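Okay, so here's the structure we're looking at.
In our numbering, the protein residues as written are 1274 to 1817.
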């Protein structure tokens, strides 16, 4: 049915009137009513929070595809505008987790979820791990930073016990890469470990308290499936993982050669603790259920005007999914995701419409993609980056739109990651054209450059920025950083992120304008975007 409706939409494509006035073309005048209508539809209760693989998200995907068809964009999916993404969805049997450890013949059983958290297993429905333990500090191997927590340690066939996070001295963005869950699992698997146990720390408690993590124990774990039908980015030899609260971690270290308090003291001085064998055996058992679901990326192209450069693409991305229906809320339990990320998707759609109306298109082509599964771990973007519908080497740059806060008129924009490539210069010029300034990252310690869909493209060598409105308000009575903080505190990933928030539609118009200016600049500049010489991300992921 989805395909039939989409084909009908393609047949009834609407033509827009274009203007030959080059000044009108360059001014990129967005239509507030179009932005508003996109956002109101995508954030409506009808779509039930657009959870990955849900009917509500399918409706959102169809809506986006029919808008692309309206703009006469070239389909860039695998089936028209659609790219079907197969997922395995795993749910943990909440009654099944059991952790025990045995030291000097004495058994200690931890209580789930009071003492520890564990997720479902994506590879096995009935899983267990048991073995000796080795403490491996942060569990990080970063030769570029002269850091190797596994040096002189034998973890073959053992369970590695590691601290959450990374050394404070690590650069934030590079450190976020090395300390990501995927990288830590990779370091462990490459050295023969069979499982991982992560310990909370005082700093981790400040950043993300253990108690707050209990709200997510019913969340599924998902992975996209490769051509063989197996979950991608998994390490089969790792049989389990767990995250221990501080009290539980102290129980585990009760007879260790170094106490956990001594290790915490080393962290306060930013001294990475040395690893050692932990006494005793550790055991984890759990059960999971598996289902296979499909969800959609939606992709469309506005072809460039230059006969050569049209084979290069400036990629706009925005995630169309959200987190669905809350299980722990009784009244309004629909997480509408108006700001996250109906707003970014609406801005992307209006940006596409503006380019579609230009009589003379930019030199490079523009690829617009609404990706699924961002809330499940950047999964739809990662799938597209590994299964691109245009050659990945032809992607000149990526501009990602995720959760722009559109409640105040801003005077600047922030482009997370701009300093890693010459996009910084391009974005600054484009912002100036829109009457704005480009500001530096106000939260470098949060490493936001590694935390949205653009990072999937970065890992394939594509320079990228993650663009959001800045913290300088045009209205002196509005404290933008306070407004942003209030959204995160009261609405982020909550049912209150709906259309009843005080949207400022002039801000939405301005944000569309600056995005269009950035796309226009990147698509028309003489040389395609390049990583800065010696940049970590360019060196690590850039094409040689």
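Note that beta-carbon positions come from the ideal geometry of N, C-alpha and C, so glycine has one too. The structure displayed is predicted, hence computed values, not measured ones.
Next on the checklist: Just to confirm my understanding: we take residue 1441, look at its own chain, exclude 5 residues before and 5 after, and list those with CB closer than 6 Å. What are they?
Outcome noted: By one-based count along the chain shown, residue 1441 stands at place 168. Answer for residue 1441: 1543, listed in chain order.
Next on the checklist: List, from N- to C-terminal side, the beta strand (DSSP E) runs of 3 residues or more that fit wholly inside the stretch 1358-1442.
Outcome noted: Segments of the beta strand (DSSP E) lying fully in the stretch 1358-1442: 1371-1376, 1379-1383, 1399-1408 and 1432-1436.
Item to check | Under 7 Å between C-beta atoms of residue 1316 and residue 1609 | outcome: Translated into positions along the chain shown, residue 1316 becomes position 43. Translated into positions along the chain shown, residue 1609 becomes position 336. The answer is yes: Cβ separation under 7 Å.
Item to check | Terminal residues of the beta strand (DSSP E) in which residue 1353 lies | outcome: Counted from its first residue, the chain shown places residue 1353 at position 80. Segment: none, residue 1353 is in no beta strand (DSSP E) and carries neither H nor E.
Item to check | Residue range of the alpha helix (DSSP H) that includes residue 1699 | outcome: Start at 1 with the first residue of the chain shown, and residue 1699 comes out as number 426. Residues 1696-1706.
Item to check | heavy atom of the ligand ADP below 6 Å from residue 1377 C-beta | outcome: Absence of the ligand ADP is noted for the structure shown, with no ligands found whatsoever.
Next on the checklist: Tell me the DSSP secondary structure of residue 1732 in three-state form.
Outcome noted: Residue numbering aside, residue 1732 sits at position 459 when the chain shown is read from its first letter. DSSP, reduced to helix, strand and coil, places residue 1732 outside both helices and strands of the structure shown, so it counts as coil.
Item to check | Element boundaries [beta strand (DSSP E), containing residue 1486] | outcome: Locating residue 1486 in the chain shown gives position 213, where the first residue counts as 1. Counting along the chain, residue 1486 falls outside any beta strand (DSSP E), though it belongs to the alpha helix (DSSP H) covering 1483-1486.
Checklist entry - Given residue 1801, which residues of its chain have a CB within under 7 Å of its CB, disregarding the five upstream and five downstream residues? => result The residue labelled residue 1801 in the question sits at position 528 within the chain shown. Apart from sequence neighbours up to five positions away, the residues of its chain that approach residue 1801 with a beta-carbon distance below 7 Å are 1585 and 1669, ordered along the chain.
Item to check | CB contact flag (residue 1645, residue 1325, <7 Å) | outcome: Taking the first residue of the chain shown as position 1, residue 1645 is located at position 372. Taking the first residue of the chain shown as position 1, residue 1325 is located at position 52. Here residue 1645 is near residue 1325, since their CB atoms are less than 7 Å apart.
Next on the checklist: On the DSSP bridge list, what partners appear for residue 1335?
Outcome noted: Within the chain shown, residue 1335 is the residue found at index 62, counting from 1. Looking at the DSSP output, residue 1335 sits in no beta bridge, so it has no partner there.
Checklist entry - Hey, residue 1589 and residue 1674 are a contact pair by Cβ (cut 8 Å); roughly how many whole angstroms apart? => result Within the chain shown, residue 1589 is the residue found at index 316, counting from 1. Within the chain shown, residue 1674 is the residue found at index 401, counting from 1. Residue 1674 and residue 1589 do touch by the CB rule: their CB atoms are close to 7 Å apart, below 8 Å.
Item to check | Start-to-end residues for the beta strand (DSSP E) that takes in residue 1756 | outcome: As a position in the chain shown, residue 1756 is number 483, starting the count at 1. Going by DSSP, residue 1756 is part of no beta strand (DSSP E) but of the alpha helix (DSSP H) stretching over 1753-1763.
Checklist entry - Pick from 1791, 1496, 1598 and 1776: whose alpha carbon is nearest that of residue 1564? => result For the purposes of this step, residue 1564 is taken as the residue at position 291 of the chain shown. Of 1791, 1496, 1598 and 1776, the residue nearest in Cα terms is 1496.
Item to check | Three-state secondary structure assigned by DSSP to residue 1776 | outcome: Indexing the chain shown from 1 puts residue 1776 at position 503. In this structure, residue 1776 counts as coil in the three-state DSSP scheme.
Checklist entry - Quick one: any contact between the stretch 1486-1502 and the stretch 1360-1367, if contact means 3 or more CB pairs under 8 Å? => result Proximity of the stretch 1486-1502 to the stretch 1360-1367 meets the contact definition, three or more beta-carbon pairs being nearer than 8 Å.
Checklist entry - Counting only runs that start and end within the stretch 1544-1601, where is the beta strand (DSSP E) found for 3 or more residues in a row? => result Taking only runs of at least 3 residues, the beta strand (DSSP E) segments lying wholly in the stretch 1544-1601 are 1549-1575 and 1586-1592.
Checklist entry - Okay, do the stretch 1660-1669 and the stretch 1695-1713 touch, 3+ Cβ pairs below 8 Å being the bar? => result The answer is no - the stretch 1695-1713 does not touch the stretch 1660-1669, with fewer than three Cβ pairs under 8 Å.
Checklist entry - Helix, strand or coil for residue 1815 per DSSP? => result Mapped onto the chain shown, residue 1815 falls at position 542. Reduced to three states, the DSSP call for residue 1815 is coil.
Item to check | Buried or exposed (CB count within 10 angstroms, at least 16 for buried), residue 1329 | outcome: What you label residue 1329 is simply residue 56 of the chain shown in a count that begins at 1. Its Cβ being crowded by 16 or more others within 10 Å, residue 1329 is buried.
Next on the checklist: Let's test the definition: count the other Cβ atoms within 10 Å of the Cβ of residue 1664 and tell me whether it reaches 16, buried, or not, exposed.
Outcome noted: Residue mapping note: residue 1664 aligns to position 391 of the chain shown, counting from 1. Exposed is the call here.
Item to check | Supposed contact pair residue 1408 and residue 1548 - C-beta distance, whole angstroms, cut 8 Å | outcome: Walking along the chain shown from the start, residue 1548 turns up at place 275. Walking along the chain shown from the start, residue 1408 turns up at place 135. Confirmed, about 5 Å.
Checklist entry - So what's residue 1723 in DSSP terms, helix, strand or just coil? => result Here residue 1723 refers to the residue found at position 450 of the chain shown. The DSSP-derived three-state label of residue 1723 is helix.
Checklist entry - In angstroms, rounded to a whole number, what distance separates the CA positions of residue 1428 and residue 1468? => result Locating residue 1428 in the chain shown gives position 155, where the first residue counts as 1. Locating residue 1468 in the chain shown gives position 195, where the first residue counts as 1. C-alpha of residue 1428 to C-alpha of residue 1468: approximately 10 Å in a straight line.
Next on the checklist: I believe residue 1808 touches residue 1745 by the beta-carbon criterion, under 8 Å. Please report the beta-carbon distance rounded to the nearest angstrom.
Outcome noted: By 1-based counting over the chain shown, the position of residue 1808 is 535. By 1-based counting over the chain shown, the position of residue 1745 is 472. That belief does not hold up - the Cβ atoms of residue 1808 and residue 1745 are roughly 27 Å apart, past 8 Å.
Next on the checklist: Going by DSSP, what residue range makes up the alpha helix (DSSP H) through residue 1305?
Outcome noted: Residue mapping note: residue 1305 aligns to position 32 of the chain shown, counting from 1. Looking at the DSSP string, the run of the alpha helix (DSSP H) that includes residue 1305 is 1305-1315.
Checklist entry - Counting along the chain, where does the beta strand (DSSP E) carrying residue 1480 start and finish? => result Position 207 of the chain shown holds residue 1480. Per DSSP, residue 1480 lies in no beta strand (DSSP E); the unbroken alpha helix (DSSP H) holding it starts and ends at 1475-1480.
Item to check | Residue from 1529, 1632 and 1554 whose Cα sits closest to the Cα of residue 1578 | outcome: Along the chain shown, read from residue 1 onward, the residue named residue 1578 stands at position 305. Distance check between residue 1578 and each of 1529, 1632 and 1554 places 1632 closest, using alpha-carbon atoms only.
Item to check | Test item: CB-CB of residue 1471 and residue 1516 under 7 Å | outcome: As a first step, residue 1471 must be located in the chain shown, where it is residue number 198. As a first step, residue 1516 must be located in the chain shown, where it is residue number 243. Result yes, Cβ atoms of residue 1471 and residue 1516 sit closer than 7 Å.
Checklist entry - Candidates 1318, 1791, 1387 and 1597: which alpha carbon is nearest residue 1709's? => result Residue 1709 sits at position 436 when you count from the first residue of the chain shown. In this structure, 1791 is the residue among 1318, 1791, 1387 and 1597 with its C-alpha nearest to the C-alpha of residue 1709.
Item to check | Reduced DSSP category for residue 1652 - H, G, I as helix; E, B as strand; rest coil | outcome: Along the chain shown, read from residue 1 onward, the residue named residue 1652 stands at position 379. Of the three classes helix, strand and coil, the one that applies to residue 1652 here is helix, per DSSP.
Next on the checklist: Tell me the rounded alpha-carbon separation between residue 1426 and residue 1344.
Outcome noted: In the chain shown, the residue the question calls residue 1426 occupies position 153. In the chain shown, the residue the question calls residue 1344 occupies position 71. Their Cα atoms are separated by approximately 59 Å.
Checklist entry - At what residues does the beta strand (DSSP E) containing residue 1711 begin and finish? => result Numbered from its first residue, the chain shown carries residue 1711 at position 438. Residue range 1710-1712 is occupied by the beta strand (DSSP E) that includes residue 1711.
Checklist entry - From the DSSP output, which residues share a beta bridge with residue 1673? => result On the chain shown, position 400 is the one that residue 1673 refers to. DSSP lists 1590 and 1739 as partners of residue 1673.
Checklist entry - Hey, quick one: how far does the alpha helix (DSSP H) through residue 1457 stretch, first residue to last? => result Walking along the chain shown from the start, residue 1457 turns up at place 184. From DSSP, the alpha helix (DSSP H) with residue 1457 extends over 1454-1463.
Checklist entry - Alpha carbon to alpha carbon, what distance is there between residue 1483 and residue 1598? => result As a first step, residue 1598 is located in the chain shown; it is residue number 325 there, counting from the start. As a first step, residue 1483 is located in the chain shown; it is residue number 210 there, counting from the start. Those two C-alpha atoms are separated by around 23 Å.
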